[in-house]
Structure formats: C-alpha cells, structure tokens
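Visitor: Structure provided below as structure tokens; questions to follow.
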Amino acid sequence: MRYGAGWTGQPLLFREKDNIYLLQGSYDYNLRKIDALTGEVVWKYLFDDAVKGTGTLFYNKKSLSKENKLVILQGSRQSAKSEYNYRGISAINGEELFRTKVVRTRSNSRDVDGSALIVGDTAYIGLENGIFKVFNPNDDYASVNGKFYEPELFNELNLFTTKDISRIGGNIITESSPSLFNHKVYITAGSGYVYGYNIESGEIDWEYFIGADLNGSPVVTDDSCLLIPVEKQYIAGNGGLLKLNPNKSPEIALVWYYPVGNFHLLSWDGGVIGSACVNDKYKLKETKPLSAFIGIDGYLYVIDYKSIDGTAKSFDGKTIVDKPELIFKYKVGSSISSPIMFKDKLIACGYGGMYLFEFDKDYNFTLLEKKGYYFEATPIVYNGKIYVASKDGWLYCFGD
C-alpha cells in the first residue's frame with residue numbers, strides 16, 4: 543500500500559475455501575483483497591477518495607449469485623467526483639454491487655468512517671453527515687437510480703437536532719460504529735449523544751447526552767452495560783471512559799466514569815478517541831473482567847470494569863461519580879487506535895509504535911516487544927500473528 547492506512551483501518555479476515563484472506567482499505571483510494579499467508583494482492587477496487595474506516599463483511603446466504611454471497615460494505619472519504627462513497631462490493635471477485643449516496647446536510651463532513659452492523663438481513667450504519675441509515679445489504683433488492691444500483695432503504699434518522707447545530711455548528715459528525723444489545727442498536731454521535739434505536743419500532747427511544755464530540759464506538763459488556771469513549775471537546779470536565787447501563791432510564795444510567803489527562807494533539811485536547819476493548823470473549827478462567835483503552839494523554843489504561851475504587855469528577859467537571867479500579871497504566875504515546883486483548887495478551891498501537899504485553903494471574907504486566915512504527919489503525923490477531931496497517935504505507939504481519 544503506497545500511502546498506508548489510518549483510523550479506523552482494521553483489516554477484515556475471512557476464509558475462502560482453504561485460504562485465508564484480508565480486506566484492507568488504504569489512503570491510496572484502494573480496497574484490497576490480500577492473501578494473508580503470502581501477501582499477494584488478489585484484487586483492488588478503486589474508490590474516489592481515501593478509504594479510512596473498517597468495512598463490514600456480510601454473508602448473503604439468500605444471494606442468487608455464488609460470487610455475491612460474501613459482500614464487503616465499505617465507505618470512503620467524501621470526494622468531489624461522487625457523493626456515492628458507501629458501497630457494496632463482492633469479496634470474492636471485487637465487483638461493485640451497489641452504491642449509497644451520502645447526502646449533504648448541515649454536517650461538516652460526508653465521509654464514511656463507521657462500520658455497518660448486520661442484524662439478520664438488515665444493515666445499520668451512522669454516516670458522517672449525521673444520518674443513521676437502515677438498509678438491505680442484499681444486492682438482489684438493489685435498484686437502479688441514475689447511473690448506479692442503490693440498496694433498498696428501510697429507514698433513516700438524524701442523529702442531531704437544530705439545537706445541536708446552534709451549539710456546535712457543523713460538527714455533528716457520526717464516526718462511530720453501532721452495537722447491538724437487547725433488540726436495540728446503540729451508537730455514539732458527534733452531536734454528543736449516545737442513541738438507542740429500537741429495531742421493532744424503528745425509532746430512537748433512548749438517548750444519553752454527554753455533549754462531547756464522541757468518536758469511539760459503544761462496547762457491550764457481559765454485565766449488560768455500554769462502555770463509551772469520551773473526547774474532551776465541548777465538555778467542562780476531562781475526557782475519559784464512561785460506563786452506562788442502558789437497562790435504566792438515561793437519568794440514572796451512569797455507572798462510573800474514568801477521566802484521563804488533558805493533552806493537546808492535532809485537533810484534540812484530550813480524552814479517548816478510539817474504542818475500548820474488553821476481554822469477555824477471549825479471557826482465561828478466573829480472569830477479571832478487564833477493559834483497555836488509550837488516551838490522547840499517551841497512556842494505556844487497563845481497568846476492572848466491574849469493580850469500583852473511589853470516586854472522580856464526571857465529564858461535566860463537577861458531579862462526583864464512582865470510578866473503576868485501575869489495574870495497569872503504561873506510557874505508550876498518544877493514540878486513536880483501539881487496543882485488543884486475548885487470553886493473557888494485550889496489544890496497543892499508536893503514534894508511538896506497537897506494544898505487546900503479557901500479564902499473569904496477579905495482573906503483573908510485562909512488555910514482550912515493541913515495534914517503532916506509526917499507527918492509527920486497529921490490529922487483529924489470527925493464528926499467532928498480528929496484522930495491522932501503518933501510516934508509513936505498509937500492512938504488517940508480526941509473528942512466527
């Protein structure tokens with residue numbers, strides 16, 4: 543990749559027959575299918591601008607075409623050439639199946655950084671124009687609109703109000719990816735809200751106002767709560783990580799808040815930009831429920847997300863709330879990437895490089911290795927190997 547990859551930029555991995563492949567977007571406008579063993583590029587699909595966000599793989603078991611059973615839903619940065627910068631592409635042969643127009647709103651952006659969530663045969667995504675779109679990812683139902691096929695649209699809603707525009711202008715940008723919990727799709731928005739979209743009613747019936755520019759995605763924990771990254775922008779308090787209980791009304795949904803330090807970098811003044819990770823699915827027996835996240839302040843934080851250890855000021859800068867137990871903290875440099883955990887390993891990428899940690903049953907963390915590259919993207923791990931794209935122009939594979 544000539545120009546590398548940025549945020550969120552996580553590769554997608556899938557098996558086709560007996561081979562393992564990666565799908566990776568790049569700043570050079572291309573989406574690539576890559577043989578994960580050899581690094582050979584199988585096909586390239588050219589967008590009209592940089593491909594930053596992570597795509598979504600959709601297995602269309604109802605497809606009438608064998609080549610179209612596996613579809614990647616992928617967005618790009620907005621382009622002067624075309625407003626149709628969200629697309630469905632065959633993961634098998636790289637052929638375009640449909641395009642979605644990202645219309646102009648009062649938002650400053652029409653990029654697509656978020657990943658779609660697939661529930662059954664329906665896709666849910668927040669676009670950077672501030673619109674939440676619900677559509678059919680099955681290209682058999684796409685229809686011609688002008689020059690392109692467009693997917694069947696089920697619903698769309700604004701993730702902002704006129705009051706939000708008066709408060710923050712055009713920064714009503716949705717960059718996060720949605721999550722599913724209890725028949726609701728939750729998503730964070732640049733307007734400062736965490737929204738809960740009711741799948742059955744087709745309406746937003748739960749919303750929690752923070753006020754910050756929210757970039758990272760909500761993460762569902764195994765105790766039925768949400769972890770929300772909070773940027774410093776527009777709030778009186780520090781940015782950090784917020785735990786919400788969506789089973790309760792928004793007024794009493796706050797469980798705890800962990801503030802991080804303020805630090806100015808590029809357009810940020812602190813807080814957490816990337817998503818948090820949890821060890822719920824990959825943890826060893828008797829391991830604590832851990833969450834890891836990286837602040838713009840340059841620190842990697844690991845907490846026990848079910849334990850409380852003292853209090854802190856909330857994001858409003860005045861309310862005193864519970865604070866979770868800190869397990870580990872390490873200076874890795876500023877980052878907007880999301881760390882990942884599996885079993886007794888933790889990987890953190892950022893502007894200061896990639897760090898691989900191991901921890902024991904007493905939660906003593908040991909740095910096993912550091913790679914001095916420049917990362918905004920989030921890594922994946924498969925079969926003892928780490929795959930991650932850098933802004934230096936390369937997709938790296940680390941491991942035996």
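Under my numbering, the letters of the sequence shown match residues 543 to 942, in that order. Every residue, glycine too, gets a C-beta built ideally from N, C-alpha and C.
1. Determine the direct distance from the alpha carbon of N687 to that of A834, and round the result to whole angstroms.
2. My understanding is that G548 touches A919, with C-beta atoms under 8 Å, so please give their C-beta distance in whole angstroms.
3. Is the segment 900-907 touching the segment 918-933 in the sense that three or more CB pairs, one from each, lie closer than 8 Å?
4. In whole angstroms, what is the alpha-carbon distance linking V1028 and S849?
5. Any idea what DSSP makes of R709, helix, strand or coil?
6. What would DSSP say about D747, mapped onto helix, strand or coil?
7. Give me the Cα-Cα distance between M543 and F702, rounded to the nearest whole angstrom.
8. Take R641 and list the residues in its own chain whose beta-carbon comes closer than 6 Å to its own, dropping the five residues that flank it on each side.
9. Which runs of the alpha helix (DSSP H), 4 residues or longer, sit entirely within the segment 866-941?
10. Please state if the CB of I576 and the CB of L599 are separated by a distance shorter than 8 Å.
11. Excluding the five sequence neighbours on either side, which residues of its own chain have a C-beta within less than 7 Å of the C-beta of N650, listed in chain order?
12. Can you have a look at V661 and say buried or exposed, based on whether 16 or more other CB atoms are within 10 angstroms of its CB?
13. Classify K865 as buried or exposed, calling it buried when 16 or more other Cβ atoms lie within 10 Å of its own Cβ.
14. Using CA atoms only, rank isn't needed, just tell me which of N780, G617 and V863 is closest to G852.
15. Less than 6 Å between C-beta atoms, sequence neighbours within five positions excluded: which residues of the same chain meet that for W585?
16. Cα-Cα, which of F723, D886, K608 and D764 is closest to L826?
17. With S685 as the anchor, note down where its beta strand (DSSP E) starts and where it stops.
18. So, is I794 buried or exposed, given that buried needs 16 or more other C-beta atoms within 10 angstroms?
19. So which of Y571, S791 and E609 has the shortest CA-CA distance to K594?
20. Out of F805, G551 and S708, point me to the one whose CA is closest to G753's CA.
21. Do you know whose CA, among N724, L868, I667 and P679, lies nearest E638's CA?
22. Leaving out five residues before and five after A665 in sequence, what residues of the same chain have Cβ atoms less than 6 Å from its Cβ?
23. For K873, does the count of other Cβ atoms within 10 angstroms reach 16, so buried, or fall short, so exposed?
24. Any Cβ of chain C within less than 8 Å of the Cβ of A818?
25. Given G546, which residues of its chain have a CB within under 8 Å of its CB, disregarding the five upstream and five downstream residues?
26. From the DSSP output, in three-state form, read off N757 for me.
27. Tell me whether the beta-carbon of G813 lies closer than 8 Å to the beta-carbon of I838.
28. Assuming S721 and V761 make a contact with CB atoms under 8 Å, what is their CB distance in whole Å?
29. Since S621 and D590 should fall inside the 8 Å C-beta cutoff, what is the C-beta to C-beta distance between them, to a whole number of angstroms?
30. Using only the alpha-carbon positions, how far apart do F556 and Y750 sit?
Guide: So, from the data block:
1. Looking up residue 834 in the sequence shown gives position 292. Looking up residue 687 in the sequence shown gives position 145. Distance between the alpha carbons of A834 and N687 is about 44 Å.
2. Counted from its first residue, the sequence shown places residue 548 at position 6. Counted from its first residue, the sequence shown places residue 919 at position 377. 7 Å between Cβ atoms; contact.
3. Between the segment 918-933 and the segment 900-907, the count of C-beta pairs closer than 8 Å stays below three; the two stretches do not touch.
4. In the structure displayed, the chain extends from 543 to 942; residue 1028 sits before or after that span and is not available.
5. Indexing the sequence shown from 1 puts residue 709 at position 167. If DSSP states are grouped into helix, strand and coil, R709 belongs with the helices.
6. On the sequence shown, residue 747 is found 205 positions in, with the first residue counted as 1. Three-state result, D747: strand.
7. By 1-based counting over the sequence shown, the position of residue 543 is 1. By 1-based counting over the sequence shown, the position of residue 702 is 160. Confidence in M543 is poor, its pLDDT being 45 and thus under 50, which makes the residue's placement unreliable; the coordinate value appears in the next sentence. Cα to Cα, the separation comes out at about 36 Å.
8. Residue mapping note: residue 641 aligns to position 99 of the sequence shown, counting from 1. Y626, R629 and F690.
9. none
10. The count along the sequence shown starts at 1 and reaches residue 599 at position 57. The count along the sequence shown starts at 1 and reaches residue 576 at position 34. No. Outside cutoff.
11. In the sequence shown, residue 650 corresponds to position 108, counting from 1. In the same chain as N650, and ignoring 5 residues on each side of it, the C-beta atoms closer than 7 Å to its own belong to G712, N713 and I715, in chain order.
12. As a working note, residue 661 is residue 119 in the sequence shown. It counts as exposed.
13. As a first step, residue 865 must be located in the sequence shown, where it is residue number 323. With 16 or more other Cβ atoms within 10 Å, it is buried.
14. Within the sequence shown, residue 852 is the residue found at index 310, counting from 1. Residue V863 is the option with its Cα nearest to G852.
15. Stepping through the sequence shown from its first residue, residue 585 is reached at position 43. If you ignore the 5 residues before and after W585, its C-beta comes within less than 6 Å of the C-beta of K575 and G636, all in its own chain and listed in chain order.
16. Locating residue 826 in the sequence shown gives position 284, where the first residue counts as 1. Considering only alpha carbons, the answer is D886.
17. Here residue 685 refers to the residue found at position 143 of the sequence shown. Here the beta strand (DSSP E) through S685 covers S685 to N687.
18. Residue mapping note: residue 794 aligns to position 252 of the sequence shown, counting from 1. So I794 counts as exposed.
19. In the sequence shown, counting from the first residue as 1, residue 594 sits at position 52. The shortest Cα separation from K594 among Y571, S791 and E609 belongs to Y571.
20. As a working note, residue 753 is residue 211 in the sequence shown. Among F805, G551 and S708, the Cα nearest to that of G753 belongs to S708.
21. Taking the sequence shown and counting its residues from 1, one reaches residue 638 at position 96. It is P679 whose Cα lies nearest to the Cα of E638.
22. By 1-based counting over the sequence shown, the position of residue 665 is 123. Within the same chain, A665 has close Cβ partners A658, F677 and P679.
23. As a first step, residue 873 must be located in the sequence shown, where it is residue number 331. Looking at its Cβ environment, which holds fewer than 16 other Cβ atoms inside 10 Å, K873 is exposed.
24. Here chain C cannot be found, since the structure has a single protein chain.
25. Walking along the sequence shown from the start, residue 546 turns up at place 4. Contacts found: S568, Y569, A931, S932, K933, D934, G935 and W936.
26. Within the sequence shown, the letter at position 215 stands for residue 757. N757 falls in the coil class under three-state DSSP.
27. In the sequence shown, counting from the first residue as 1, residue 813 sits at position 271. In the sequence shown, counting from the first residue as 1, residue 838 sits at position 296. Contact: yes.
28. The sequence position of residue 721 within the sequence shown is 179, counting from 1. The sequence position of residue 761 within the sequence shown is 219, counting from 1. 7 Å between Cβ atoms; contact.
29. The sequence position of residue 621 within the sequence shown is 79, counting from 1. The sequence position of residue 590 within the sequence shown is 48, counting from 1. Their Cβ separation, rounded to whole angstroms, is 4 Å, which keeps S621 and D590 in contact under 8 Å.
30. Counting from 1 along the sequence shown, the entry for residue 556 is found at position 14. Counting from 1 along the sequence shown, the entry for residue 750 is found at position 208. For F556 and Y750, the distance between alpha carbons rounds to 36 Å.
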